[in-house]
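Each residue of the sequence shown is one higher than the one before, starting from 52 at the first, in the working numbering.
No residue lacks a Cβ here, since even glycine has one placed at the ideal position from N, Cα and C.
Working notes, structure below.
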Amino acid sequence: MFNTKSICLAIVISVTATPILGQEYDATWESLQNYEAPEWYEDAKLGFWPIWGIYSVPAFKGDHAAEWYGRWMYCQQGQSSRNNQGLATHLHHIKTYGDPSTVGYKDLIPMWTADKFDADQWADLCVEGGAKYFCTLAVFHDSFCLWDSKLTKWNSVEMGPRRDIVKELADAMRKKGLKYGVSNHSAWNYRFFQWNHINGYDAKNPAYEDLYGSPIVAPNADQVRIKPEEQMEKRSEWVNRSGDIVQPSERDLDRWLQRTKEVTDLYQPDLHYFDWGMNPPIFESRRKDFAAHYYNKAIQWKKGAIGAPGVVLNYKNSATFKAGSAVRDFERGAFKDIADMVWQTDDSIYDGNNWGFAEGIPIKPTNVIVDELIDIISKRGVLMLAIAPKADGTFPEDQKKMIRELGAWLKVCGEAVYATRPYVVLGEVSKAWNQRDDHGHLKYIGTPEDIRFTRNKANTVLFATVLDWPGETLTIKTLAGADLSNLKSIRLLGTHSDLKWRATGNGLEITMPKQPDYEMAYPVRIEFVDSIPSPAPR
């Protein structure tokens, strides 16, 4: 028999134990689409992302990317469908370390000591380079965790460096005021060591399954085979040489989710970036599970609130997350025009397909990085730039020079970059801009005809950044016919005198000063008394 006091107490307990509807995220698209990217992220514009791990020991590019060494070292003659791609790595490994049956990828781990790694020095360099956030590659396709994991012995605390790299970097970056993120590539582990499994090297030993992944799941008899020309449309699922779609096992899926939650809960990242591996439809329930978990944790950590949890979850394929539930990322790519929501490009300091440090591979010139950054932010984007430390934890001199040059330019011209928003049009794009390299990536060749627009949040200052020196006169054709009666002053960033200008039928003509010393992109600051006018109708 219940008395009145007991009934009241039961009601109180029931109410307090039940979450108020809408006060936390659940694992549905309807709930997850109640998301807004944080303002700090759209303001930041630039982050650095070191590609660093076991693969940094051989530092060998071969005929594929250096960080994919663990995949291609096991590939034999004639096995790759791309002109023996990976064979050079296989032969290099035999010559340098021995046959993979004797010296496997696991045997490179003790060689990665990171003996000169200093997280505080990395933080200093990132600040010097003008970055506002930093992302640690916490786990690559090889599934080796760079944190103190309790779920696997294959981690940087128990092996190799014997240090919690994620924690050291998180502490160092946050001390400098940078937002901190982690990148996660482990969903691809089940297929990364494909040739190791097929050729029966050390992956056949069950003792190493937690590193190399489960044996590849055999295709079902009723699985649909697709034609080679259709395979690129199926890149979100792995297609083997016979055209069979191969899926991860349930163990692979659970392992991915558990470790992803572990690194998130331990280090409370402001950003969590995911590579292609989690794109297959079979990952969908776990993708939603993690997103809800991450957003709810962020609210508990007081980074934000429901609807704006204050953190960034990056995904790569438009089919992976519903629009408005996370932040889209493009690998070495970008939107063609201004997007409705903030997005990200991840790109490398190397041309082609390389990301990790490789001996003898040149990096991009600083002005190319600047031009790419300016193009991206004109479309509401953010650039996460991959840099490549050596195995010992130091950065090559050419990379340090590039990072410092980028930072020096941003120190002068950062007003046109940080905390800006797009104008109503992205800018003026030359024909030369659309040139691409052998891998189909934009070369980012800016010309005096290439102008990109950004503006301040108050919408009173327009920045017209020209990607190469225009000479004595800069003509902004976009503003032809616009109402410029509100124009207050024009100045080239890095100089102190107002510039002469006149409105003509061709546009806003500006008399330029002497070319400044920074010799990269040139932001012209155009201030208005009130709001920036829109272009005249065409």
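Grab me the residues of residue i's own chain with a C-beta within less than 8 Å of its C-beta, minus the 5 sequence neighbours each way, in chain order.
i: I400; result: I414, K415, I420, L436, A437, I438, A439, Q450 and M453
i: R225; result: Y231
i: F504; result: S429, P473, Y474, V476, L477, G478, L513, F514, A515, T516 and T529
i: T524; result: E560, I561, T562 and M563
i: S200; result: N206, V208, R310, E313 and V314
i: G558; result: T526, I527, K528, T529, L530 and A531
i: Q74; result: I357
At a threshold of 8 Å, does residue i count as lining the ligand GDP (C-beta to nearest heavy atom)?
i: A587; result: As presented, the structure is devoid of all ligands, the ligand GDP included, so that no description of it is given.
Just to confirm my understanding: we take residue i, look at its own chain, exclude 5 residues before and 5 after, and list those with CB closer than 7 Å. What are they?
i: A117; result: Y106, A110, F111, N405, G407, F408 and A409
i: K227; result: A174 and V178
i: D171; result: A223
Identify whether residue i lies in helix, strand or coil by the three-state DSSP scheme.
i: E335; result: helix
i: W198; result: coil
i: F191; result: coil
i: K353; result: coil
i: M453; result: helix
i: R395; result: The question names Arg, yet the displayed sequence has Gln at residue 395. Q395 falls in the strand class under three-state DSSP.
i: K278; result: Note that K278 scores 46 on pLDDT, short of 50, meaning its location in the model is unreliable and no value can be drawn from it.
i: S582; result: coil
i: F535; result: One point to set straight first is that residue 535 is Leu, not Phe, in the sequence displayed. L535: coil per DSSP, three-state reduction.
i: K146; result: helix
i: N330; result: coil
i: E219; result: helix
i: E570; result: coil
i: V178; result: helix
i: R458; result: According to the sequence provided, residue 458 is Gly. The question's Arg does not apply to it. DSSP places G458 in helix when its eight states are reduced to three.
i: T516; result: strand
i: E209; result: coil
i: L51; result: Look at the range of the chain in this structure, 52 to 589, and you will see that residue 51 is not part of it.
In terms of alpha-carbon separation, which member of the options lies closest to residue i?
i: K183; options: D398, G458, W123 and P151; result: G458
i: D303; options: D175, D222 and H192; result: H192
i: Q395; options: F514, G98 and F579; result: G98
i: W327; options: I160, V362, S237 and A470; result: S237
i: I216; options: F446, V575, W352 and D169; result: D169
i: D581; options: P331, S194, D402 and S540; result: S540
i: F38; options: D261, N235 and L229; result: The structure shown does not extend to residue 38, since the chain spans only 52 to 589, so no value can be given for it.
How is the beta strand (DSSP E) around residue i delimited, first residue to last?
i: F504; result: I502 to R506
i: G380; result: With the sequence shown as reference, residue 380 is identified as Asp, and Gly is not the correct amino acid for it. Its beta strand (DSSP E) spans residues V378 to E382.
i: M563; result: That residue, M563, is in no beta strand (DSSP E); it is neither H nor E in DSSP.
i: W552; result: W552 to T555
i: K539; result: L538 to L543
i: K230; result: K230 to N235
So, at 6 Å on beta carbons, what are the nonlocal neighbours of residue i in its own chain, with the 5 sequence-adjacent residues on each side left out?
i: L461; result: G181
i: A377; result: L364 and Y366
i: D114; result: Q136 and A139
i: A371; result: It should be noted that the sequence gives Thr, not Ala, for residue 371. The answer, listed in chain order, is N330.
i: F446; result: P440
Can you check whether the CB of residue j is closer than 9 Å to the CB of residue i?
i: L518; j: G545; result: no
i: Y324; j: C464; result: no
i: V190; j: P320; result: no
i: N85; j: Y92; result: no
i: M124; j: H141; result: yes
i: A385; j: L364; result: no
i: K508; j: A470; result: yes
i: S336; j: Y241; result: no
i: Y495; j: D380; result: no
i: W552; j: L538; result: yes
i: V29; j: H144; result: A query on residue 29 cannot be resolved here, the shown segment of the chain reaching from 52 to 589 and no further.
Would you verify that the beta carbon of residue i is, or is not, closer than 9 Å to some beta carbon of chain D?
i: S234; result: In the structure shown, chain D cannot be found, because there is only a single protein chain.
With respect to the alpha helix (DSSP H) encompassing residue i, which residues constitute its N-terminal and C-terminal limits?
i: T417; result: T417 to I428
i: N250; result: Q245 to N250
i: Y92; result: E90 to A95
i: Y76; result: It is not in any alpha helix (DSSP H) - Y76 carries neither H nor E in the DSSP assignment.
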